[in-house]
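Number of protein chains: 2
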Amino acid sequence: MEPIYKETSKILKAISDAKRLRIVDMLSCGELCACKILESFDITQPTLSHDMKVLVEAGIVNDRRDGKNIYYSLNMEKLEGLLSKLNVMFYEKEDCICNKKKDHHRM
Amino acid sequence: MEPIYKETSKILKAISDAKRLRIVDMLSCGELCACKILESFDITQPTLSHDMKVLVEAGIVNDRRDGKNIYYSLNMEKLEGLLSKLNVMFYEKEDCICNKKKDHHRM
DNA sequence: TAAACATATTGACATTTTTCTATATGTGTG
DNA sequence: CACACATATAGAAAAATGTCAATATGTTTA
Chain A
1 MEPIYKETSK ILKAISDAKR LRIVDMLSCG ELCACKILES FDITQPTLSH
51 DMKVLVEAGI VNDRRDGKNI YYSLNMEKLE GLLSKLNVMF YEKEDCICNK
101 KKDHHRM
Chain B
1001 MEPIYKETSK ILKAISDAKR LRIVDMLSCG ELCACKILES FDITQPTLSH
1051 DMKVLVEAGI VNDRRDGKNI YYSLNMEKLE GLLSKLNVMF YEKEDCICNK
1101 KKDHHRM
């Protein structure tokens, strides 16, 4: 499979969980520490920690430590890049995959 | 969980598979029958049938029968709706979830 | 340095997803 | 109507994901 699909699908997978999508929405107003996010859900702390790791590893969320707390914020460049890639894929274009042959680059 | 996240995550889940994302990209130039799509991947026919069902049930792909063949095409309204919703979620807004309290509408 | 607090990791389990083989269904053709 | 062709469904196995309790790690403060 072409890298563009693998990379994009990794980000999509990260936000394809309703709870993680809600976390991204929460972060759109600015950074939040894990404890604040946790207050907003009925999940355990390890579950949130795992979810934040998924978002960070997908590259769409940044983390920074300040004392005991970890603060998370959106990586807008990555998110804009995602919207841009989806836009290209959803609409017809010059050098289109539609003109390509069988995929020999398996996943 | 609020319906907006559940609905959006269902669509994201549908395209969070690299192969299905590639299928969406292929359909951006116009409708294709299942057999044409199948030629483009190293998967079995039932696997493609299942993948197309996921895309159709997410509402982003339409299907129509013409004789022996099923033709698939993109539902642009749904895809535009997705981009629009993501745009709202990624950027700060007036009536923001950031100002909301604990989520009592569990999934 | 010991205790308290915030977050991460481990290991386990249940659920969901992916993909296959075998088979069924629907449609056109000889 | 029997056969060929295109697609769908059923059932099973493997892999990935979501979630928890228990515990570890890192940080601040008494």
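Chains as they are written, first to last, in the working numbering: chain A, 1 to 107; chain B, 1001 to 1107.
In this text, a Cβ means the ideal position worked out from N, Cα and C, and glycines have one as well.
Where residue i falls, given that 16 or more other Cβ within 10 Å makes a residue buried
i, result
"L83(A)", "exposed"
"K1068(B)", "exposed"
"H1104(B)", "Below a pLDDT of 50, predicted positions are generally treated as unreliable, and H1104(B), at 42, falls in that range; the measurement from the model is reported next regardless. Answer is exposed; the Cβ neighbour count stays below 16."
"K1093(B)", "exposed"
"K19(A)", "buried"
"R1065(B)", "exposed"
"D1051(B)", "buried"
Test: residue i CB closer than 8 angstroms to a CB of chain B
i, result
"R65(A)", "no"
"E94(A)", "no"
Cutoff 8 angstroms: residue i Cβ touching any chain A Cβ
i, result
"A1058(B)", "no"
"K1013(B)", "yes"
"T1008(B)", "yes"
Chain A residues whose Cβ lies nearer than 9 angstroms to that of residue i
i, result
"T1047(B)", "Correct list: empty, because the minimum Cβ distance to chain A is about 13 angstroms."
Interface residues of chain A facing residue i [CB-CB closer than 8 angstroms]
i, result
"M1001(B)", "A18, K19 and R22"
CB contact flag (residue i, residue j, <8 angstroms)
i, j, result
"L12(A)", "L1012(B)", "yes"
"A1034(B)", "L1048(B)", "yes"
"M89(A)", "V1024(B)", "yes"
"S1009(B)", "L21(A)", "yes"
"S1016(B)", "M1026(B)", "no"
"D1031(B)", "Y1071(B)", "Sequence check: residue 1031(B) is Glu here, not Asp. Yes, Cβ-Cβ distance for E1031(B) and Y1071(B) is below 8 angstroms."
Near the ligand ZN: residue i beta-carbon under 7 angstroms from a heavy atom
i, result
"T1008(B)", "This structure lacks the ligand ZN; in fact it carries no ligand of any kind."
Problem - Chain-ordered residues of the region 16–38 of chain A with a beta carbon less than 9 angstroms from chain B - result: So the list reads S16, D17, A18, K19, R20, L21, R22, V24, D25, M26, L27, S28, C29, G30 and L32, given in the order they occur along the chain.
Handout entry: Residues of the region 1062–1088 of chain B whose Cβ lies closer than 9 angstroms to any Cβ of chain A, in chain order
Key = Those would be L1074, M1076, L1079, E1080, L1082, L1083, L1086, N1087 and V1088, in chain order.
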